[in-house]
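Novice: Take 759 as the starting number for the sequence shown in our numbering and just add one per residue.
We put the beta carbon where it would ideally sit given N, CA and C, even for glycine.
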Amino acid sequence: MTTFTVSTASTQDISVQATAGQSLMEALRDNGFEDIQAFCGGGCSCATCHVVVNPDWFAKLPPVSDDEQDLLESIEGRLATSRLACQIPLCDELEGMAIMIPPAV
Ligand code: FES
759 MTTFTVSTAS TQDISVQATA GQSLMEALRD NGFEDIQAFC GGGCSCATCH
809 VVVNPDWFAK LPPVSDDEQD LLESIEGRLA TSRLACQIPL CDELEGMAIM
859 IPPAV
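1) If contacts are defined as beta-carbon pairs under 8 Å, then Leu842 and Leu830 qualify, I think. What distance do you get, rounded to the angstrom?
2) Any heavy atom of ligand 1 closer than 7 Å to the beta-carbon of Gly801?
3) Does chain B have any CB closer than 8 Å to the CB of Thr761?
4) With respect to 7 Å, is the separation between the Cβ of Cys849 and the closest non-hydrogen atom of ligand 2 below this value?
5) Out of curiosity, what's the CA-to-CA distance linking Ser768 and Ser823?
6) With DSSP collapsed to three states, give me the class of Gln845.
7) Please report the Cβ distance between Cys844 and Ser781, rounded to the nearest whole angstrom; I am assuming they are in contact, meaning their Cβ atoms lie under 8 Å.
8) Around the Cβ of Met855, are there at least 16 other Cβ atoms within 10 angstroms (buried) or fewer (exposed)?
9) Output the boundary residues of the alpha helix (DSSP H) element that contains Phe816.
10) Sort Gln827, Ser832, Asp825 and Asn812 by Cα distance to Thr766 and report the nearest one.
11) Taking buried to mean at least 16 other C-beta atoms within 10 Å of its own C-beta, is Ile846 buried or exposed?
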């Protein structure tokens, strides 16, 4: 199990527990974060699972694929530590990670 914290436009540092094998997108969706629409279901084709990762954790994430990079470049308001949550498998190394869900543009 991986525990991480989530901030949104209206909340700060909500602790979320993911079950083994979940992606960050799946954990957010299952915990009721409605701004994570994830229309493509994790297929890396919709960009509606955009999150901003705390810089302290960003370097610990798996590399960005070409497909993810293309989608990230299409997001208005993208930041240097933006990622698509469906492309982040949760694991023990990410225990304590902090992310922010940006407001929908
Ligand atoms: S859920 Fe569609 S790109 Fe992540």
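Specialist: Looking at the coordinates:
1) Locating residue 842 in the sequence shown gives position 84, counting from the first residue. Locating residue 830 in the sequence shown gives position 72, counting from the first residue. Yes, they are in contact, since the Cβ atoms of Leu842 and Leu830 sit about 7 Å apart, within 8 Å.
2) On the sequence shown, residue 801 is found 43 positions in, with the first residue counted as 1. Result yes, Cβ under 7 Å from ligand 1.
3) Absent from the structure: chain B. Only one protein chain is present.
4) In terms of ligand content, the structure shown lacks ligand 2 and carries ligand 1 instead.
5) Here residue 768 refers to the residue found at position 10 of the sequence shown. Here residue 823 refers to the residue found at position 65 of the sequence shown. Ser768 and Ser823 have their alpha carbons spaced roughly 31 Å apart.
6) One-based indexing of the sequence shown puts residue 845 at position 87. Taken through DSSP and simplified to helix, strand or coil, Gln845 comes out as helix.
7) Sequence index remark: in the sequence shown, residue 844 carries index 86 (1-based). Sequence index remark: in the sequence shown, residue 781 carries index 23 (1-based). About 5 Å separates the two Cβ atoms, so the contact holds.
8) Sequence index remark: in the sequence shown, residue 855 carries index 97 (1-based). Met855 is buried by the Cβ-count criterion.
9) The residue labelled residue 816 in the question sits at position 58 within the sequence shown. Here the alpha helix (DSSP H) through Phe816 covers Pro813 to Phe816.
10) Position 8 of the sequence shown, counting from 1, holds the residue named residue 766. Residue Asn812 is the option with its Cα nearest to Thr766.
11) As a working mapping, residue 846 is identified with position 88 in the sequence shown. Ile846 should be labelled buried.
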